[in-house]
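Residue numbers (the working numbering), protein chains in the order written: chain A, 320 to 581; chain B, 323 to 601; chain C, 912 to 1196.
Worksheet: one structure, shown below.
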Amino acid sequence: MNDQNNGRVDEAASSAETVISIRNLSHTYKRGNLTVFEDVDLVVGKGENLVLLGPSGGGKSTLLRCINRLVKATSGTINVFGTEMVAAPFRKVRKARRDIGMVFQSFNLIDRISVLDNVLIGRLGYLSTARSVFGLYQKEDIAEAMHALDRVSLTDFSQQLAMNLSGGQRQRVAIARALAQRPKLLLADEPVSNLDPLLEREILGLLRDICREDGITSVTSLHDVALAEEFGSRLVGVRDKTATTIEPGEFNHDKLQEIYGA
Amino acid sequence: MANTTIDQLDELYYLRASDRRKTQIKHASILVGILAISYWSALGTEFSVAKFINGLDNAYDFLDRSLPPSLENAHRILPRLTQTIGIALLGTTFGILLAFPLAFMASRNIVKSALICQAVRLVIDAFRGISEIVWAFLFVAAVGLGPFPGVMALTIHNAGALGKYFSETIEGIDPGIMEAVAAPGSNQVKLISRGIWPELRPLFTNYMFYYFEASVRAATILGVVGAGGIGLEFILAIKHFKYPEAMTIVISMWALVTVVDRASGYVRKRLLGSELQRN
Amino acid sequence: MVNTPSPSNIAPARWKPGQRGLIGAIIIAVYIIAFWQTETDPVMLVLGLPDMVKFFGSMFPPHFFGWDQPYFYNKESEFQYVLLAALETFQMAVLGTVIAVVFGFVLAMLAARNITPNVFIYHGVRTLCDGFRGISEVVWALLFVAMVGLGPFTGVLALAVHNTGALGKFFSEAIEAMDEGILESVEASGATRTQVFFHGIIPELGTLFMSYILYYFEHNLRQAMVLGIVGAGGIGIELLLAMKYFNFNKALSVIIIMLVMVVITDRLSGMIRKRLVGGELVVVT
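Structure representation (C-alpha cells):
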C-alpha cells in the first residue's frame, strides 16, 4: 500500500520543488524498546501545508521532531533543503535549523523575559556566538523581530513580560519567534491543543495566511479531524507505526474520525 | 498583514532600544563589579596563573611520589573510618537534641518575649557561624586530644545550624494552625507535639539527613586538628611524608562519603515515602 | 494521576511489626558501637565540664589592642594584621567561589543528561565532580600545600576545586530538572550550545543559580577561615598562633572577628536571596 501511495505522492510533488524527502524512517525509543514508527516514506513539496493527523501518542509529534532533529531517528534518511538531517554533523544541522521555524504545543516561551526578547531568540541562528553571549543583537535583528511581532499584531506588547500574556497571545509570540528566523519551512506541533477552542481557528488561520503570503512550506501535527480538513492542503495519517497519505477521495469525515480521531 | 507603518516600527524600535540599553547597562555594571572584586581578590591572595603552571610541575612530582596508593597501614584506617562515622552520628544526634529547645526558644510564635528570642538567636548564630573545625580546635584545647572533643564540636555546630533552620520553619507555620490547637486550651507541650510536629516532620527529617551527610564530611577532617577520626591518620601521613598512604586515606575518605550519601539517600526515600503518603 | 492514599496504598512502604523490632535493635547497636568507638562517655562529659568552663572562661575578656607576645615568624603582632588576615580570608572566598562558578557551569553543561554531547562525557564529568566534591576543602588544601606551598593561593585553589565539583553537580541537576520545552525551542532556532546556555538556561534558572552561589559563598567564607589553620592563608593562622602561645584572650578576639564577618555576610546574602527567590532558599543535598 505504501508503494502505491509513494507513486501518487511523487507525482504530486514533482510538479513543485521538494522541500522534505523522508525515506525509510524508523524510530525506536531505547527505553522499553518502543517502536514509534517504521519505514516511513514521505515527500513534501514547496508551498504545501501538510497536516499529520493522528491520535495523541501515535507518533506524529516524534515524526515532526525528526525533521529538525530535535529527535534523532534510529534509521532512515530525512533530506531537508538538501541537508541530510539524520546523520549530519551538528554544525550542519544547526545551519539547517535556521531555515526551519517551529511552534510548540505548550508555547515554550521564557516567562520571565519580555516578548521582544523571546522573539529575538529566533535570531540566534544569525548571531555570532560572541555577540549572543552579551545579548548584543544587531539593528537588523531587532527590526526583524518587530516586523514579526507586527505580523501577529502584538507590537504593543513587545516590552511585556511573557508571563503576563494570555494563551492565545503567547502562541502568537511563539509564531513571531519562528517568523523572525525568516524560515522556509514551518513545523507546528499541536499548536492549538493548549488553547481555548475558540482560538483554534484563529491561530491556525494566522499560520495558514502567513505561510501563504511568505511562500513558507508547513508541516503541522493535529489530532482534530475537522481542523485538519479545514487547514491542511494534504493530510497524512500517522498511527500504528506507519504514515499513510489520505487521498482527497478518502476525505470521509466520519471514517477519518474513526481511524485517526483523538 | 502589516498593521503599522514603517515609521511607527522604527519609532517603536528606538523606544525598545533605550529600554534594552538600560537593562544591558545594569547587567554590564554588575558583571564589571564582580570582575573588579575578583581582580582585587586575586591580588590580595597572590593569585597568579604563572604560579599555577609552575605548580603543575610540583603537582606531577607529588603525584609521582604518592601513587600508587599504599595499603601499608590499612589496618589502622578501618577502625578510624568507623570512628569517623561514630563521631558524625553522635554529633548529629546530640546536635538535633540540642537544636530543638534552642529553636523553640528562638521562635517568635512560641516564645512571646522578643528579648529571649534575640538572645537565643545570637547564640544559635554563634554556634553556627563558627566552623566545626574551629570548634574542634577549641575543644581539643579545652579537654585534650581524642574523638570526644570532635563529638562536642559537631554537636555545638549542628545545634546552631539545625536550630536556625528549625526556628525559621517554626516561624513560618500557618498561624491558623497555631490558633486551632491553642483554642481548646492546651498547654505549650501539647501545642508543640500535636499542632506543630506533624506539619514539620517531613521537612525536618530531610534536613536532619542532609546534616548527617554533612557531618560525616566534617568528621573526616576533624582529626586534622586532633579531634579523632580518619583526619588524624591523614595529617600524620602528610607530616611524615608518607604520601602513598595519604592517597589511600584520601580515597577512603571519598569512598566513605559516597557510601554514606547513598545509604542516607536510600533510608531517606523509604522513610519519607511513607511520610508523604500518610500526609 | 495521583491516588489519594487509602490504607492499602500506604501498606507497602511501612515496616512490618517484626521488622520494626529488628531495625530498632540495629539502631541501638549502631549507637552503642558509636559510643564505644568515639570513647564518648556521659561520665567523661561531666568530669570534663569544669575544664571546659575554665578554658572558655579564660578566653574572656577578648583582647583587642596592644598585643605584645612574640610570634613564631617575627611578625608585628598588631591588631591590624588580624584585620588584614580577615580581608585575605574574604578575598580567598570570593576568588575561590568565582573560579568555581565559571568551571562549574562548564562542567554542568557536560554533565546534564539533556545537553551533554555523549554518554561517556556525561559519566566522566559526573564522576569528576563527585571526586572533587567528595574530598573536603581542608584535604585539598593539605594536598595543595604539599604540592605548591603555603599561602592564600593554595587556599584559593582548594576552595575552587572542591566547589567546582559541588556547583557542577548542583547546576547540572538543576538543568536536568528544567522544562525541556524551553531547551527544545531555543535549539530549534539553530542556536549553538553556548547560545542555548545563555539564552535558554540562564534566563530560566538564573535566579536559582544566584541563590545557590550566594549560599556557597557563605559556606566558603567559613571554610576559608579554617584553611588558615593548616597554612593555606586567611585568618585561621592567627587563631592557631594565638592558641599555640596560650593567648586565649587574643584567640577570642580572632573568633569574634570571624563571627562578625560571617554574620554580616549571612545577613547580606540572605537579603539578596530573599529578593531573588522571594523567600528563604532551603538547601537540600
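Ideal Cβ placement from N, Cα and C applies to all residues, glycine included.
Apart from the 5 residues on each side of it in sequence, Glu1115(C) sits with its Cβ closer than 8 Å to the Cβ of Met1089, Asp1090, Ile1093 in its chain, given in chain order. Bounds of the beta strand (DSSP E) holding Ser340(A) are 337–348. Contact annotation: Val338(A) and Thr536(A) have beta-carbon atoms nearer than 9 Å. Following the DSSP letters along the chain, one finds Phe356(A) inside the beta strand (DSSP E) bounded by residues 353–364. Taken through DSSP and simplified to helix, strand or coil, Asn437(A) comes out as helix. Within the segment 509–549 of chain A, the alpha helix (DSSP H) runs of at least 4 residues that lie entirely inside it are, in chain order, 516–533.
In its chain, beyond the 5 residues on either side, Leu523, Arg527 have a beta carbon closer than 6 Å to the beta carbon of Phe550(A). Contact check between the segment 534–554 of chain B and the segment 382–395 of chain B: fewer than three CB pairs, one atom from each, fall below 8 Å, which does not count as touching.
For Pro391(B), there are no neighbours in chain C by C-beta distance under 7 Å, as the nearest C-beta there is about 13 Å away. Judged by their CB atoms, Asp436(A) and Met482(A) are not nearer to each other than the 9 Å cut-off. Between Asn380(B) and Arg539(B), the alpha-carbon positions lie close to 28 Å from each other. Relative to the Cα of Leu1006(C), the nearest Cα in the group Ala1135(C), Thr1176(C), Gly959(C) belongs to Ala1135(C). The DSSP-derived three-state label of Gly395(A) is strand.
Contact check for His1110(C) and Ala1102(C): beta-carbon distance about 7 Å, within the 8 Å limit, so the pair qualifies. Taking 9 Å as the threshold, the shortest C-beta distance from Gly1101(C) to chain A falls below it.
Counting only residues of its own chain and dropping the five nearest sequence neighbours on each side, Ser969(C) has a CB closer than 7 Å to the CB of Phe1159.
The criterion of a C-beta distance shorter than 9 Å is not satisfied by Ala996(C) and Ile1167(C).
Assignment of Ile571(B) by DSSP, reduced to helix, strand and coil, places it in the helix class. Any Cβ of chain A closer than 9 Å to the Cβ of Ala350(B) would place that residue at the interface, and such an atom is present. Close CB contacts of Glu1129(C) within its chain, under the 8 Å cut and outside five residues either way in sequence, are with Val1173, Thr1176, Asp1177, Ser1180 (chain order).
For secondary structure counted as the alpha helix (DSSP H) over 4 or more consecutive residues, the segment 1055–1120 of chain C holds these complete runs in sequence order: 1063–1088, 1091–1099, 1104–1107. Classified as exposed, Asp962(C) has fewer than 16 neighbouring CB atoms from the shown chains inside 10 Å of its CB. Judged by DSSP in its simplified three-state form, Arg558(A) adopts strand. Taking the beta carbon of Thr949(C) as reference, the chain B residues within 8 Å of it are Gln405, Gly408, Ile409, Leu412, Pro469, Phe470, Gly472, Val473, Gly550, listed in sequence order. If you compare the alpha carbons of Ala547(A), Leu506(A), Ala499(A), Asp533(A) with that of Arg520(A), the shortest gap goes to Ala547(A). For the segment 1095–1120 of chain C, the set of positions with a beta-carbon nearer than 8 Å to some beta-carbon of chain A reads Glu1095, Ser1096, Val1097, Glu1098, Ala1099, Ser1100, Gly1101, Ala1102, Thr1103, Thr1105, Gln1106, Phe1109, His1110, Gly1111, Pro1114, Glu1115 in chain order.
Cβ neighbours of Val1072(C) within its own chain (closer than 6 Å, five residues either side excluded): Phe1043, Trp1051. Gln440(B) and Ala421(B) have their C-alpha atoms roughly 16 Å apart. Between Leu473(A) and Asp460(A) a beta carbon distance of about 17 Å is seen, past the 8 Å cut, so the two are scored as non-contacting. Nearest Cα to Ile943(C) within the set Glu567(B), Gln405(B), Asp496(B), Gly498(B): Gln405(B).
Per DSSP, reduced to three states, the secondary structure at Leu389(A) is coil, with no helix or strand assignment. Ala1019(C) has its alpha-carbon roughly 12 Å from the corresponding atom of Pro1028(C).
Non-local beta-carbon contacts of Thr491(B) in its own chain, meaning distances under 7 Å to residues more than five positions away in sequence, involve Leu522, Leu525 in chain order. Between Arg443(B) and the set Val456(B), Lys486(B), Glu454(B), the nearest pair of CA atoms involves Lys486(B). Chain C places no beta carbon closer than 9 Å to that of Pro566(B), leaving this residue out of the contacts.
Taking CB atoms only, Asn483(A) has no neighbour in chain C less than 9 Å away.
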